[in-house]
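Novice:
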Amino acid sequence: MAYQVGRTAQTFKMFFISKLKEHDLNFEQGIILFMVSEESNVSISRITKKLGKDKTTISREVGHLCRKDFLIKKPDINDKRVICLKITDKGKSKIRLIEKSMKIVETIIQSCNPQGELDICLDMLYKIRVALEKASEEDIHPLLVDHSCIL
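The sequence shown runs 1 to 151 under our numbering.
1. Span of the alpha helix (DSSP H) holding K50?
2. Going by beta-carbon coordinates alone, are I87 and I95 separated by less than 9 Å?
3. Report yes if the C-beta distance between I77 and L51 is below 9 Å; otherwise report no.
4. Am I right that L71 and V42 are in contact with their C-beta atoms under 8 Å? What's the rounded C-beta distance?
5. Roughly how many angstroms lie between the CA atoms of I98 and E22, to the nearest whole one?
6. Give me, in chain order, the residues of the same chain whose beta-carbon lies closer than 8 Å to that of C166; leave out the 5 immediate sequence neighbours on both sides.
7. Roughly how many whole angstroms lie between the Cα atoms of A2 and K80?
8. Can you tell which of N26, I128 and M14 has its C-alpha closest to the C-alpha of K68?
9. With which residues is L71 paired in a DSSP beta bridge?
10. Among M14, S40 and Q4, whose alpha-carbon lies nearest the alpha-carbon of C105?
11. Does M228 come out as helix, strand or coil in the three-state DSSP assignment?
12. Go to E39, then tell me how far its alpha helix (DSSP H) extends in each direction, as first and last residue.
13. Among the residues of its own chain, which have a CB less than 8 Å from the CB of Q110, if the five just before and after it don't count?
14. Should E61 go down as buried or exposed, given a rule of 16 or more other Cβ atoms within 10 Å for buried?
15. Using the Cα positions of L33 and S93, report the straight-line distance between them to the nearest angstrom.
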C-alpha cells in the first residue's frame, strides 16, 4: 500500500512541478505561494515549520517570490521581529493560472473514475494522513495508535 500511495504522490508532485515550471516557479516557490494565498499574513517561521525546511531555504525562496512581485514581506503588527507575507495581485493572478492548469489532472481523474469511488479514495487518504500525523506527533509506532476516532 505504501508503495502505491508513494508512487501516486510522486506522480502528482512531478505533474505539479511541470505546471509550476511553465510559470517560472520551482516546487518550493509554488508551495509557498499557495500557502500565502490560503493564509494571508503567514509568517516565514510558520511556513518553515509546515514544510519541514530550514529557514534559510524558505527565506531564499520568499526573496525570489518578492523579487518577482508575487509576495510582499512586512513586519507583524504585534511583533516587529516576525516577518509576515502577503500575496500581491500579480501573485493572485499567477495562482489562478496554476490552478487552471491543475484542473487538468482533476478532469483526467474524474473522467475515468466514478464519483463514489473518488469519494471513498479521498476519505481513505484523509484517514491515512490523519493516522500517520497522529502517530508522528505522539512519536509512537503507527500500529499502536487507537484509530477508532478517525475510522
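The C-beta atom is built at its ideal place from N, Cα and C for all residues, glycine as well.
Specialist: Judging by the given coordinates:
1. I44 to L51
2. yes
3. No, the pair does not count as a contact, with Cβ atoms beyond the cut-off.
4. Their Cβ separation, rounded to whole angstroms, is 10 Å, which puts L71 and V42 out of contact at 8 Å.
5. Inter-residue distance for I98 and E22 is about 9 Å (C-alpha atoms, whole angstroms).
6. Because the chain here runs from 1 to 151, residue 166 falls outside it and cannot be looked at.
7. 44 Å
8. N26
9. I87
10. Note on residue identity: the sequence assigns Val, not Cys, to residue 105. It is M14 whose Cα lies nearest to the Cα of V105.
11. Only positions 1 to 151 of the chain appear in this structure, which leaves residue 228 out of reach.
12. For E39, there is no enclosing alpha helix (DSSP H), as DSSP gives it neither H nor E.
13. L118
14. buried
15. 11 Å
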